[in-house]
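Counting from 1 along the sequence shown, just add 144 to a position and that's the residue number in this note's numbering.
Think of the CB as a built atom: it goes at the ideal place given N, C-alpha and C, for glycine as much as any other residue.
One structure below.
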Amino acid sequence: MTDLAQATLAELTAELVDAAWRRGLRPELQLTVTEWADANRTLPGTNAEPGPWRTARVPYLAEIMDCLSTASPVERVVLMKGAQTGGTEAGLNAIGYWVAHAPGLILAVWPSIDMVRRNSRTRIEPLIEGTPALRSRIAPARSKDPGNTVGLKEFPGGALIMTGANSATGLRSTPARYLVLDEVDAFPADADGEGDPVALAVQRTVTFRGRRKIFLISTPTEAGVSRIEKAYAESDQRRYFVPCPHCGTHQALSWRGVTWPEGEPRKAFYACEACGGVIEEADKPAMLAKGEWRPTAQGDGLTAGFHLSALYSPFESWGEIAADFLTSKRDPARLKTWTNLKLGEAYEDRDMAPLAPDSLASRGIACDPAWTELLPEGVAVITAGVDTQDDRIEVEFVGWGRGEASWSLDYDILHGDTSRPEVWAALDRLLARRFRHQKAVPDLPILAVAIDSGGHRTDQVMRFSAERLNRRIWAIKGRGGPGVPPWPKRPPKLRSASLAPVHIVGVDTLKHGLLSRLRIVDGGPGACHWPAERDYHWFTGLVAERPVRRYTRGVARIEWVPDPGVRNEPLDCRVYATAALHGLYAAGMSLAEMVGKVEGAEVRAGAVGAEPAGEVMRRAPAVVRSSWVG
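Pasting the structure below:
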């Protein structure tokens, strides 16, 4: 190379270095997340409204997103929200903005590693593929490319790292400038014994103090336990005020303003708190467009908190919310879900005080003939819950009707060494029972059974289930803690052809729902019924545990504590029978449809009782049976 060429190359190199240096010193363009999303974001075909993103469709999200822009002094954004409000999309817009406009390390945290895999495929990848500004910066996923995986998306100037709140390893690695914590109320209280996952994740942003952005998103759960409720209380507590189309008074929408004609909830409207004017659903878009966020607390200047209920949602009407309320208001478990999802508020459960066995026993129903001989008219589905001990097996048969009203049809105890086959053979015959119904339908079988695989008889339970999976006799294992669903969303993997899969069920969720429903005294959806002759010890076992609020590393959670010296098998059996019902839901069954079929049938002529349980048990020598049915 000639001296002239070398000099020219050196000059060009110096110019490139100088240009790069100057770009590094140049301040970031004053572009907001809202402006970037409106110009670049395209919603995928799987979205309810695919196509170009329009903030004008959800104008209340503009200020939330703009607080996540680099020019905003806000460091921490808290969104306590209801369903169908677009909060998750706001988080995706922020991620896209950071990748394309202000690169840096981004940490996105979901409640579990499983949710990371699902959201990476269903949310992050469509975000990248549908947005040219992102697609050009992130290499396509290839089997040998470590820069684009399920949990990692690299781009010039940074990377998007995705992890679960249940993984301490993922929460204590590389420092991050940007942090998105989605559904924080479903996070575990402790991440692998290393502390609160929210605190661990936030700690990774401290080196970027002054330039960091932390976005906490969640639907709240229980008052006093909800993380998002606590975070919102520590913020400036902004609410979205919209003007009345009649008098112009600005007001934050609340449930007390929603009203409807008697018996016609789908015609619900909103009554202005100032003039009483009727605000129709058609007025909502114009009100939202003219709305404004107003803080209702002092705050610290660095944390912006937003509360957003489904009453603001353009995707759900006030009539739909009102109809959902009427179907939920009598059932505490459903009312809690409605409060969380529709109002975006933490549910204050005033009914979690312990129940006295005497109060339950006095509500027994005299049944002649016995329910084992002729089912109550409202029963449409039967499940069973089975608890195993070393020296006995306990079983409850539960009938289910409209709105998950339940009837305790029978409770049996099979005494015997559960390491031997005789007691299992007796259980098999017991679970083959069929129950006569007052309607002209075939005798009702037990549609599903959940049997506890914990304790000392795990192998026996799993083999018993494996041989009877066609009868939906499922091996289950209870898991405590918040956020664990009553039944797993995906089928568990089969580890061995000779052993059944084990289904993980959320026992705390089921216990909470049961305790609420036991308080329903006037029948209807969710009400629990039992025969008047049921033994008193069954009631003591049914309420043998009570919820207690405890703190783990400063994080509040509800724990179920057993009463000393009281056997809790009746509670466990009912929890398992309810889990079996949720297993049927997961398999595609509709309880409402089953109820409709029974209600539409004619009364059976000359209905008689089913084969007495005692007759079944006489064919099981070497096993002693006792019953808590008197």
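Counting every other CB atom within 10 Å of its CB across the protein chains shown gives His600 a total below 16, marking it as exposed. At the C-beta level, Phe413 and Gln228 stay beyond 8 angstroms of one another.
In this chain, the alpha helix (DSSP H) harbouring Gly740 covers 735-743. The three-state reading of DSSP puts Phe352 in helix, counting H, G and I together.
For Ala721 against Gly508, the beta-carbon gap comes to about 18 angstroms, at or over 8 angstroms, which does not count as contact.
The residues Ala367, in chain order, have a CB closer than 6 angstroms to that of Glu492 in the same chain once the five nearest residues on each side in sequence are set aside. Listed in chain order, the non-local C-beta contacts of Glu327 below 6 angstroms within the same chain comprise Pro255, Ser362, local neighbours out to five positions each way being set aside.
Only residues of its own chain outside the window of five on either side were considered, and among them Ser597, Met606, Ala619, Ile620, Lys621, Pro636 have a CB closer than 8 angstroms to the CB of Val646, listed in chain order. Beta-bridge partners of Tyr384 (DSSP): Trp437. For Glu338, same chain residues with a beta-carbon under 6 angstroms away, outside a window of 5 residues either side, are Ala312 in chain order. Straight-line spacing of the CA atoms in Asp587 and Leu574 works out to 15 angstroms. With contacts defined by Cβ atoms closer than 8 angstroms, Asp531 and Thr562 do not form a contacting pair. One Cα belongs to Lys633, the other to Val260, and the distance between them is close to 15 angstroms. Assignment of Glu611 by DSSP, reduced to helix, strand and coil, places it in the coil class.
Counting other Cβ atoms within 10 Å of its Cβ, Cys211 reaches 16 or more and is therefore classed as buried. Rounded to the nearest angstrom, the gap between the Cα atoms of Ala505 and Arg321 is 59 angstroms. Close CB contacts of Arg711 within its chain, under the 6 angstroms cut and outside five residues either way in sequence, are with Gly685 (chain order).
Here DSSP, grouped into helix, strand and coil, assigns Gln150 to helix.
Per DSSP, Arg262 is one residue of the alpha helix (DSSP H) stretching across 257-263. Annotation for Gly195: Thr186, Leu187 place their beta carbon closer than 8 angstroms to its own, counting only its chain and skipping 5 residues before and after. Rounded to the nearest whole angstrom, the CA to CA distance from Arg474 to Met209 is 38 angstroms.
When the beta-carbon positions are compared, Leu591 and Thr527 come within less than 8 angstroms of each other. Glu689 sits buried, since 16 or more C-beta atoms from the chains shown fall within 10 Å of its C-beta. In the DSSP assignment, Gln395 falls within the unbroken beta strand (DSSP E) covering 394-396. The continuous stretches of beta strand (DSSP E) do not include Phe459, and DSSP gives it neither H nor E. Membership of Lys357 in the beta strand (DSSP E) is indicated by the continuous run 357-362.
Contact check between the region 443-463 and the region 370-384: three or more CB pairs, one atom from each, fall below 8 angstroms, which counts as touching. Per DSSP, the beta-bridge partners of Met224 are Ser362, His451.
The Cβ atoms of Arg546 and Pro669 lie closer than 8 angstroms to each other.
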